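First residue of the sequence shown? That's 261 in my numbering, and the numbers climb one at a time after it.
Note that CB positions come from ideal geometry on N, CA and C, so glycine has one too.
Note that this is a predicted model, so its numbers are computed, not measured.
Shown next, in structure tokens, is the structure this report addresses.
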Amino acid sequence: MAGENQEIPWPVPKFFFSVTFEDQGEIAFQEVSGLDTEYDPIEYRDGNSIVFSTVKMPGLKKQSDVTLKKGMFKDDKKLFQYFASVVMNKIKRQTVTISLMDQDKSALFTWKLKNAWPLKYTGTDLNAQNSEVAIEELVLAHEELTME
């Protein structure tokens, strides 16, 4: 009806989020990427099929690596130490929780990385000709991505 005040739904902004490690608690990151999962397609054609094309079926599910970026702070070596804790076949796998939050700090969407462990650490690049913040990067491998 005309003149009726209806609330218009808006997409959720993506800038307010938290990342929580099972052992280390919450760590503030600037950017999270790689929250995707997909199935490998299996193409199959029965030998006596009269159709001259394959049928596609879902195969194994695969997970992308998740990349976390944050600013570097004096005396904060937590990410590098976490990466350095990896010893061949001896790494403590943990659940990592990533939550997209509203202005009241309530989780709107929550992703969980099952059995995550640090795959790669990248320190900041150095350049004397600009005044950007030093950013470090941690890449996590994991076995399953779930959304709650």
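Counting only runs of at least 4 residues, the segment 317-359 fully encloses the following alpha helix (DSSP H) elements, listed from N- to C-terminal order: 338-344.
The C-alpha of Pro378 lies about 7 Å from the C-alpha of Tyr342. As DSSP reads the structure, Pro378 sits in a beta bridge with Leu400.
Counted as a single uninterrupted DSSP element, the stretch harbouring Ile310 is not any beta strand (DSSP E), since DSSP gives it neither H nor E. Taking the Cα of Lys337 as reference, the smallest distance to any Cα among Glu396, Phe276, Trp371, Asn387 is reached at Glu396. Spatial neighbours of Glu303 in its own chain (CB-CB distance under 7 Å, excluding positions within 5 residues in sequence) are listed in chain order as Thr314, Lys316. In its chain, beyond the 5 residues on either side, Lys316, Met317, Pro318, Gly319 have a beta carbon closer than 8 Å to the beta carbon of Pro301. Under the three-state reduction of DSSP output, Leu295 falls in the coil class, being neither helix nor strand. For Ser278, the secondary structure class from DSSP, reduced to helix, strand or coil, is strand.
Taking all protein chains shown into account, Ile268 has fewer than 16 neighbouring C-beta atoms within 10 Å of its C-beta and is therefore exposed.
For the set Tyr381, Gln363, Thr357, Gln290, the Cα lying nearest the Cα of Leu339 is the one of Tyr381. With contact defined as three or more Cβ pairs closer than 8 Å, the segment 281-295 and the segment 320-332 are in contact.
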